[in-house]
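K.L.:
In my numbering, the protein residues as written are 9 to 629. All C-beta atoms, glycine included, are put in the ideal place defined by N, C-alpha and C.
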């Protein structure tokens, strides 16, 4: 059924809408919808297969994205541009057209793009754009990161390619500044990966994390590569759960999350067509760190952390339902509401899972780093913790092997929420947060206290100020997030490094220091090097951690080389030769070789694929 636009939306002049746009942050969401500062766009809840099997979770007709005064054909907005080029047929599809008078996107023939036009390529163009526009809006809100985010490449628009060519794939590519979505023919017809909101949000998650932590790109460690996949899957789950109508469908399927598949199963249409399963991956898994100890496949490694977050979500729902039942016993008129419990759960989970991304180290993230960031962010936003959320989350991370039982005392015992960093030379917080130059002078003046080697060429990779909210919309202390790195020279000696033996590389070291508006330390996540720092017990302990990092880095690199997972990447401005690339690539900079994730984060990990000759590294990273 075609969507109808409320009459009051047409009564606003373009000038009035622009004025309202300037004050949009002060307007309630419903007012933004009524004044067309939010555009209603029809998208699939999940994908066409879910829509076919579950009509209640088919097309979302209550999906709104932010309006902007600069919207253009494509669609094109401030942060995204759809370029619908199909490399297989060498064709450029006509774009969705922006009708400024009607305040709506239309097909080239003038037909409004809605549920009735889902067979048109322009519907898919609009759907991809709307999905990422909606997700970015959430990420920049106070309930998530509370600030604008940037991409890891030069420029401000991420290119979206809905029909990139024939293939069972989709990926994010930093080099071509794009998300590439492919299509293929299944038993029940043509499948477009761009029509799966799970796949679109997963790949967009790579772009978001790459922008937040671009140095994660330069890694050979399984957990860092796996963390990229985890963030993609987490975003797909959380964004699906945000929708009211979709939550109603999930409640009908299962009242406790754990027994349902609509939420926990990702990319059902793709998984059914490619690997013969009713999902591509599932968050409802039981994998632990010991299960993936020697695993080099990022997607499988990632499922430990995805499963842990799903466990937390299930237990959050259980805690809230217990609270509702207790309230009902005291006041029989307060009837328990399962939809309210689900919404409370997703609000808490969004904050718990996304806000800690600002607390992660700038290079080489491990699952433990994320667990520590989650617990610390919860301590900052909920210091009294009357419902024991931190203990519940800690127990989940212990069960999954991400944290150890020995961490309980240091992480859960009561302590001051904020501490003044003990530094030799004081710097005003405003001068630190004003520029990279100000942050550098602060760090350089306090190298000994901050465990930074005196000869390290320090680089400030980012400095931002974030204003986050609690689930009750209370303002949290402002966060000044300073990321800094340096490179430590490493020699590749021995046959285990194969073709790279005798060359030199570098290990990234550094930290993320988060301060509040008063200069108090909120969080400090470090990745030390192995160079001399001093003779104090703290400095020696820091160096020992750095030595272990160096050994782990060399062991992981040798394992990647032995497995044949490092090779040449093939690509250009139009994107990659999607399958003919390894999971890890390399380049040479200033006389040293640097290793990194290939600019191809594929959907799945197949060991063999007849279409491409069965070479493992050709399939995915």
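Distance, Cα to Cα, residue 432 vs residue 450?
P.N.:
What you label residue 432 is simply residue 424 of the chain shown in a count that begins at 1. What you label residue 450 is simply residue 442 of the chain shown in a count that begins at 1. So the two alpha carbons sit approximately 10 Å from each other.
K.L.:
Where DSSP assigns a beta bridge to residue 477, which residues make up the other side?
P.N.:
Walking along the chain shown from the start, residue 477 turns up at place 469. Partner(s): 483.
K.L.:
What are the boundary residues of the alpha helix (DSSP H) that includes residue 242?
P.N.:
Translated into positions along the chain shown, residue 242 becomes position 234. Note, residue 242: alpha helix (DSSP H), 230-249.
K.L.:
Over the uninterrupted alpha helix (DSSP H) stretch that includes residue 373, give me the two end residues.
P.N.:
Your numbering for residue 373 matches position 365 in the chain shown. Looking at the DSSP string, residue 373 is not in any alpha helix (DSSP H), and its letter there is neither H nor E.
K.L.:
Using the three-state DSSP reduction, which class does residue 75 fall into: helix, strand or coil?
P.N.:
Taking the chain shown and counting its residues from 1, one reaches residue 75 at position 67. Coil, per DSSP.
K.L.:
Who are the Cβ neighbours of residue 26 in its own chain at under 6 Å, not counting the five residues just before and after it?
P.N.:
Here residue 26 refers to the residue found at position 18 when the chain shown is read from its first residue. Closer than 6 Å at Cβ, skipping near neighbours: 77.
K.L.:
Are there 16 or more other CB atoms within 10 angstroms of the CB of residue 499, so buried, or fewer, so exposed?
P.N.:
What you label residue 499 is simply residue 491 of the chain shown in a count that begins at 1. Exposed is the call here.
K.L.:
Please confirm whether residue 73 has its beta-carbon closer than 8 Å to some beta-carbon of chain C.
P.N.:
Looking for chain C here will not work: only one protein chain is present.
K.L.:
Which stretch, first to last residue, makes up the alpha helix (DSSP H) that contains residue 35?
P.N.:
Taking the first residue of the chain shown as position 1, residue 35 is located at position 27. Careful: residue 35 lies outside any alpha helix (DSSP H) and carries neither H nor E.
K.L.:
Mind checking residue 237: buried by the 16 CB within 10 Å criterion, or exposed?
P.N.:
Within the chain shown, residue 237 is the residue found at index 229, counting from 1. That one is buried.
K.L.:
Leaving out five residues on either side along the sequence, give the residues of the same chain with a beta carbon under 6 Å from the beta carbon of residue 133.
P.N.:
The count along the chain shown starts at 1 and reaches residue 133 at position 125. Once the five neighbours on either side are set aside, the close Cβ partners of residue 133 are 90, 92, 104 and 170.
K.L.:
Spell out a yes or no on whether the segment 396-414 and the segment 375-384 are touching, meaning 3 or more CB-CB pairs, one atom from each, closer than 8 Å.
P.N.:
Flag = yes, the segment 396-414 and the segment 375-384 touch.
K.L.:
By Cβ distance, which residues of its chain are closer than 6 Å to residue 537, with the 5 residues on each side in sequence left out?
P.N.:
Translated into positions along the chain shown, residue 537 becomes position 529. Cβ neighbours of residue 537 beyond the five flanking positions: 496, 517 and 554.
K.L.:
Measuring straight from C-alpha to C-alpha, what distance separates residue 547 and residue 430?
P.N.:
For the purposes of this step, residue 547 is identified with residue 539 of the chain shown, where counting begins at 1. For the purposes of this step, residue 430 is identified with residue 422 of the chain shown, where counting begins at 1. So the alpha carbons of these two residues sit roughly 14 Å apart.
K.L.:
Please state whether the Cβ-Cβ distance between residue 487 and residue 393 is less than 8 Å.
P.N.:
In the chain shown, the residue the question calls residue 487 occupies position 479. In the chain shown, the residue the question calls residue 393 occupies position 385. Contact flag unset, no.
K.L.:
At what residues does the alpha helix (DSSP H) containing residue 210 begin and finish?
P.N.:
Here residue 210 refers to the residue found at position 202 when the chain shown is read from its first residue. Note, residue 210: alpha helix (DSSP H), 205-220.
K.L.:
For the pair the segment 29-49 and the segment 67-87, tell me if three or more CB-CB distances fall below 8 Å.
P.N.:
The segment 29-49, when compared against the segment 67-87, does touch it at the 8 Å Cβ threshold.
K.L.:
Do residue 370 and residue 469 come within 8 Å of each other at the CB atom, strictly closer than that value?
P.N.:
Looking up residue 469 in the chain shown gives position 461. Looking up residue 370 in the chain shown gives position 362. Contact: yes.
K.L.:
Can you tell me where the alpha helix (DSSP H) holding residue 445 begins and where it ends?
P.N.:
Taking the first residue of the chain shown as 1, we reach residue 445 at position 437. Counting along the chain, the alpha helix (DSSP H) containing residue 445 begins and ends at 444-453.
K.L.:
Can you tell me which of 213, 102 and 86 puts its alpha carbon nearest to the alpha carbon of residue 164?
P.N.:
Residue 164 sits at position 156 when you count from the first residue of the chain shown. If we check each option's Cα against that of residue 164, 86 comes out closest.
K.L.:
DSSP on residue 535, reduced to helix/strand/coil?
P.N.:
The residue you call residue 535 lines up with position 527 of the chain shown. In the structure shown, residue 535 sits in a strand (DSSP, three-state: E or B).
K.L.:
Are at least three pairs of beta-carbons, each pair with one atom in the segment 174-191 and one in the segment 108-118, less than 8 Å apart?
P.N.:
They do not touch, by the three-pair rule.
K.L.:
DSSP three-state call for residue 26: helix, strand or coil?
P.N.:
The sequence position of residue 26 within the chain shown is 18, counting from 1. Residue 26: helix per DSSP, three-state reduction.
K.L.:
When you compare only the Cα positions, how much space is there between residue 502 and residue 510?
P.N.:
For the purposes of this step, residue 502 is identified with residue 494 of the chain shown, where counting begins at 1. For the purposes of this step, residue 510 is identified with residue 502 of the chain shown, where counting begins at 1. Residue 502 and residue 510: Cα-Cα distance of roughly 7 Å.
K.L.:
So, are the CB atoms of residue 166 and residue 187 less than 8 Å apart?
P.N.:
Along the chain shown, read from residue 1 onward, the residue named residue 166 stands at position 158. Along the chain shown, read from residue 1 onward, the residue named residue 187 stands at position 179. The answer is yes: Cβ separation under 8 Å.
K.L.:
Which residues share a DSSP beta bridge with residue 600?
P.N.:
As a working mapping, residue 600 is identified with position 592 in the chain shown. DSSP, once it has assigned bridges, lists 597 as partnering residue 600.
K.L.:
Report the residue from 21, 598 and 520 whose alpha carbon sits nearest the alpha carbon of residue 514.
P.N.:
On the chain shown, position 506 is the one that residue 514 refers to. Nearest option by C-alpha distance: 598.
K.L.:
Cβ of residue 172 within 8 Å of Cβ of residue 299?
P.N.:
What you label residue 172 is simply residue 164 of the chain shown in a count that begins at 1. What you label residue 299 is simply residue 291 of the chain shown in a count that begins at 1. Taking 8 Å as the Cβ cut-off, residue 172 and residue 299 do not qualify as a contacting pair.
K.L.:
Are residue 573 and residue 304 close, meaning C-beta to C-beta below 8 Å?
P.N.:
For this step, residue 573 is matched to residue 565 along the chain shown. For this step, residue 304 is matched to residue 296 along the chain shown. Yes; because the gap between Cβ atoms is below 8 Å, this pair is in contact.
K.L.:
Check residue 495 in the structure and name its three-state DSSP category.
P.N.:
As a first step, residue 495 is located in the chain shown; it is residue number 487 there, counting from the start. Of the three classes helix, strand and coil, the one that applies to residue 495 here is strand, per DSSP.
K.L.:
Alpha carbon to alpha carbon, how far is residue 68 from residue 494? Give it in angstroms, no decimals.
P.N.:
Locating residue 494 in the chain shown gives position 486, counting from the first residue. Locating residue 68 in the chain shown gives position 60, counting from the first residue. Computed Cα separation, rounded: 47 Å.
K.L.:
If we ignore side chains and look at the alpha-carbon of each, how far apart do residue 584 and residue 102 end up?
P.N.:
Walking along the chain shown from the start, residue 584 turns up at place 576. Walking along the chain shown from the start, residue 102 turns up at place 94. Annotation note: pLDDT 46 at residue 584 (below 50); position unreliable, no value reported.
K.L.:
For residue 192, which residues does DSSP report across the bridge?
P.N.:
If you number the chain shown from 1, residue 192 lands on position 184. The partner list for residue 192 (beta bridge, DSSP) reads 199.
K.L.:
Could you check if residue 434 is buried or exposed, using at least 16 other CB atoms within 10 Å of its CB as the buried criterion?
P.N.:
For the purposes of this step, residue 434 is identified with residue 426 of the chain shown, where counting begins at 1. That one is exposed.
K.L.:
Could you work out which residue in 38, 189 and 118 is closest to residue 96 when comparing CA atoms only?
P.N.:
Stepping through the chain shown from its first residue, residue 96 is reached at position 88. Checking every option, the nearest Cα to that of residue 96 belongs to 189.
K.L.:
Judging by CA-CA distance, which residue of 127, 234, 559 and 23 is the nearest neighbour of residue 203?
P.N.:
Working through the chain shown from its first residue, we reach residue 203 at position 195. Out of 127, 234, 559 and 23, 127 has the C-alpha closest to the C-alpha of residue 203.
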